[in-house]
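S.K.:
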Amino acid sequence: MSASDTGSNGKVHLENIERELGAVNELDPAKVRANLAKWILIGVFVTIAASSAALLYVSNERLEQAKAIFEFAKTFGPPIVTLVIGFYFRSEGTA
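Dropping the structure here:
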């Protein structure tokens with residue numbers, strides 16, 4: 283938001299912001315869906331990779347905690363991945 287977006291009374295002029303950023307109705311739903319799916323899948327992958335690395339590099343005192351986190355990630359990850367893939371690749375007729 284720049285100084286030209288606010289008037290002398292301190293109010294924000296949304297028209298100026300919309301002109302700079304683009305209107306909401308200009309968003310492509312396919313691109314938004316792809317971007318959302320990408321970030322969710324990256325998050326699940328990072329969670330599983332971090333918990334796997336914790337199993338390899340954690341000290342013996344904390345091994346049980348690392349195993350519990352890995353089991354959670356292993357149980358949590360696949361359903362989220364299948365949900366995202368099902369949402370992203372659903373037939374266009376049901377949109």
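In the working numbering, the protein residues as written are 283 to 377.
For every residue, glycine included, the Cβ atom is placed at its ideal position computed from N, Cα and C.
How do the segment 306 to 321 and the segment 351 to 360 stand: do at least 3 beta-carbon pairs fall below 8 Å, yes or no?
M.R.: no
S.K.: How should serine 246 be labelled, buried or exposed, when 16 other C-beta atoms within 10 angstroms of its C-beta is the threshold for buried?
M.R.: Residue 246 is absent from the model: the chain starts at 283 and stops at 377.
S.K.: So, at 8 Å on beta carbons, what are the nonlocal neighbours of phenylalanine 369 in its own chain, with the 5 sequence-adjacent residues on each side left out?
M.R.: Arg315, Ala319, listed in sequence order.
S.K.: Taking only the alpha-carbon atoms, compute the straight-line gap between glycine 359 and alanine 331 and give it to the nearest angstrom.
M.R.: 11 Å
S.K.: Beta carbon of alanine 348, beta carbon of leucine 365: below 8 Å?
M.R.: no
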